[in-house]
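Working notes, beginning with the structure itself.
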Amino acid sequence: MKKLHKFFHTHKLVFAAAAVLGLTNVACEKADDLSRPPGNTNSFEKDKQDAFKNLTDDETTLWAWDIPISPYNNKFPAFLLQLSKDSSANIFSIDNNGMVSDLTRLRASGTLTASESSLALQLINLLRPYSEYQLRQILDNPANASIKNALVQLLPNYANFASQTIYTEEIGGAFDTNGPIQLSLTFHNSELLSLLKEYGWLDFDFRLLRYSKDTVQLTGYYSNSANKVTNLLRTHDDPSFFAYASTIIMTINPVKAKVTMKVDGNVIPVPAGYNSCLHYFYKCFNQGFLQPEGLGFGFIPNGVDADKAPDVFKNTKLVKIHNVRQGNPLTAPAGTVLMTFKVISNTGVAKDVELSKN
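Numbered per the working numbering, the sequence shown spans residues 515 to 872.
Printed below as a string of structure tokens:
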């Protein structure tokens, strides 16, 4: 399980902290609880069947696992579950490639000056020995303000916008909804979840508090879990577009890329103080997830320079990636459409925006 080894190594600081915190807590076994999900007045057997059906009614659905503290350093759900009627469970993740990776991409983009490339290399050598989680702790420390100031010269929105990769964590695990004392969701044969539980990060056995078509509310049974209360949120799209698009944007250097955005065939004016509309987009939008309403993974305005927003980005609720060009964007010829954004407004109106190379 190479990915599990990578996960453990990368997040060993998190696990160590969780283990220390766990010393002050005593794991508690399931207590008798005769309650049932609110609004359900039928038998526990029916509760189990209905909950199972809700989780598996569409086997192509990916459930985004929203947990308070992300093991993957993302501020949006990074675990994805695919649950099937045969009780099998597949686990995927959206992993933040990290600052070192993105700095390396910037140097390879050919857009940096000699001094900027030298700065990027210094930062890479300085930051490389640390995990992404450690780096974010380091940068949050006021004593390291000089390092952070240097980083934001090259990655001004490093905290909320980074290249992403979707990984297959496990295929063919198992799960069930069970009772009759209390309605539970339990995962079996998962090395990943067992590892997470061992370090007090996330349980594999949950009380199923309540559910609707698009949301399942869970709480772990063990008090030393860092993420005891979690939610499963139904997605309605393929998050690989979102992840791949973020990597393309970081590969071409969003601050300096020579690109154009168009809507209805018309070039969108570049906001004052920015090098391109993509530069504005990178700095003024964060990666995120919106649910319900079937919106899913995308990019959400963060409020920065909202008064400078081009008309198409005003009153935006979510920007989704509608289409992405495959292949290396650095070698694509001028005029190539790299991706199409679907800009969804707060009123539900959607417009397509093309990002193309100059």
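We put the beta carbon where it would ideally sit given N, CA and C, even for glycine.
- Since Leu757 is in the alpha helix (DSSP H), which residue starts that stretch and which ends it? Counted from its first residue, the sequence shown places residue 757 at position 243. Before going further, note that residue 757 is Ala rather than Leu in the sequence given. 753-765 is the span of the alpha helix (DSSP H), which, as asked, contains Ala757.
- Task: Taking the CB atoms as reference points, tell me whether Leu699 and Leu668 lie closer together than 7 Å.
- Result: Residue 699 sits at position 185 when you count from the first residue of the sequence shown. Residue 668 sits at position 154 when you count from the first residue of the sequence shown. Against a cut-off of 7 Å, the Cβ pair of Leu668 and Leu699 comes out as no contact.
- Where does Phe720 sit, in a helix, a strand or coil, going by DSSP? For the purposes of this step, residue 720 is taken as the residue at position 206 of the sequence shown. The answer is strand: DSSP assigns Phe720 an E or B state.
- First through last residue of the alpha helix (DSSP H) which encompasses Ala664: Taking the first residue of the sequence shown as 1, we reach residue 664 at position 150. 659-668 is the extent of the alpha helix (DSSP H) around Ala664.
- Just list the beta strand (DSSP E) runs in the stretch 564-603, keeping only unbroken ones of 3 residues or longer that don't cross its boundaries, in chain order. 577-580, 593-597
- Message: At the level of alpha carbons, what is the spacing between Met775 and Ile763?
- Response: For the purposes of this step, residue 775 is taken as residue 261 along the sequence shown, with counting starting at 1. For the purposes of this step, residue 763 is taken as residue 249 along the sequence shown, with counting starting at 1. In a straight line, the C-alpha of Met775 is about 13 Å away from that of Ile763.
- Message: Please classify Arg642 as buried or exposed, where buried requires at least 16 other C-beta atoms within 10 Å of its C-beta.
- Response: In the sequence shown, counting from the first residue as 1, residue 642 sits at position 128. Arg642 is exposed by the Cβ-count criterion.
- Starting from the C-beta of Thr874, find all residues in its chain whose C-beta is less than 7 Å away, skip the five residues before and the five after it, and write them out in chain order. Since the first and last residues shown for the chain are 515 and 872, residue 874 lies out of range.
- Message: Mapping the DSSP letters down to three states, classify Leu626 as helix, strand or coil.
- Response: Position 112 of the sequence shown holds residue 626. Coil.
- Task: Identify whether Leu809 lies in helix, strand or coil by the three-state DSSP scheme.
- Result: Reading the sequence shown from its first residue, position 295 is the one you call residue 809. Three-state result, Leu809: coil.
- Which one of Gly862, Ser631, Ile605, Phe606 has the shortest CA to CA distance from Val616? As a first step, residue 616 is located in the sequence shown; it is residue number 102 there, counting from the start. The sequence as given places Asp at residue 616; Val does not occur at that position. The shortest Cα separation from Asp616 among Gly862, Ser631, Ile605, Phe606 belongs to Ser631.
- Query: By Cβ distance, which residues of its chain are closer than 7 Å to Ala757, with the 5 residues on each side in sequence left out?
  - Reply: Sequence index remark: in the sequence shown, residue 757 carries index 243 (1-based). Within the same chain, Ala757 has close Cβ partners Ile608, Gln678, Thr679, Ile680.
- Roughly how many angstroms lie between the CA atoms of Gln840 and Ile766, to the nearest whole one? Along the sequence shown, one-based indexing puts residue 840 at 326. Along the sequence shown, one-based indexing puts residue 766 at 252. Rounded to whole angstroms, Gln840 to Ile766 spans 14 Å at the Cα level.
- Can you give the beta carbon distance from Tyr796 to Asn663, rounded, assuming they're within the 8 Å contact cut? Here the question's residue 796 lines up with position 282 in the sequence shown. Here the question's residue 663 lines up with position 149 in the sequence shown. The pair is not a contact, with the Cβ atoms about 18 Å apart (cut-off 8 Å).
- Query: Phe675 by DSSP, collapsed to three states: which one?
  - Reply: Counting from 1 along the sequence shown, the entry for residue 675 is found at position 161. Coil.
- Hey, out of Gln696, Lys567, Val867, Gln805, whose CA is closest to Gly779's CA? As a first step, residue 779 must be located in the sequence shown, where it is residue number 265. It is Val867 whose Cα lies nearest to the Cα of Gly779.
- Compare the C-alpha of Ala565 against each of Gly862, Leu746, Phe799, Ala657 and name the closest. Translated into the one-based positions of the sequence shown, residue 565 becomes position 51. Measuring from the Cα of Ala565, the nearest candidate turns out to be Leu746.
- Select from Leu809, Val773, Lys822 the residue whose C-alpha is nearest the C-alpha of Ala848. Numbered from its first residue, the sequence shown carries residue 848 at position 334. Looking at the Cα atoms, Val773 is the closest of the given residues.
- Query: Does the Cβ of Gly687 have 16 or more other Cβ atoms within 10 Å, making it buried, or fewer, making it exposed?
  - Reply: Taking the sequence shown and counting its residues from 1, the one referred to as residue 687 is at position 173. Result: buried.
- Message: Spatial neighbours of Ile858 within its chain, please: C-beta separation below 6 Å, excluding the five flanking residues on both sides.
- Response: Here residue 858 corresponds to residue number 344 of the sequence shown, with the count starting at 1. The answer, listed in chain order, is Lys831, Leu832, Ala864.
- Would you mind listing the beta strand (DSSP E) stretches within the stretch 812-853 that are 3+ residues and don't spill past its ends, in chain order? 830-838
- Message: Helix, strand or coil, according to DSSP, for Ser859 in the structure here?
- Response: Within the sequence shown, residue 859 is the residue found at index 345, counting from 1. The answer is strand: DSSP assigns Ser859 an E or B state.
- Message: The alpha helix (DSSP H) that contains Asp654, what's its start and end?
- Response: The sequence position of residue 654 within the sequence shown is 140, counting from 1. First-last of the alpha helix (DSSP H) with Asp654: 646-654.
- Task: Between the Cα of Gln731 and those of Leu707, Gln563, Lys560, Leu569, spot the shortest distance and give me the residue it belongs to.
- Result: On the sequence shown, position 217 is the one that residue 731 refers to. When C-alpha distances from Gln731 are compared across Leu707, Gln563, Lys560, Leu569, the shortest belongs to Leu569.
- Item | Ala887 burial status per 10 Å Cβ neighbour count (16 or more: buried) | Residue 887 lies beyond the stretch modelled for the chain, which goes from 515 to 872, so this question has no answer here.
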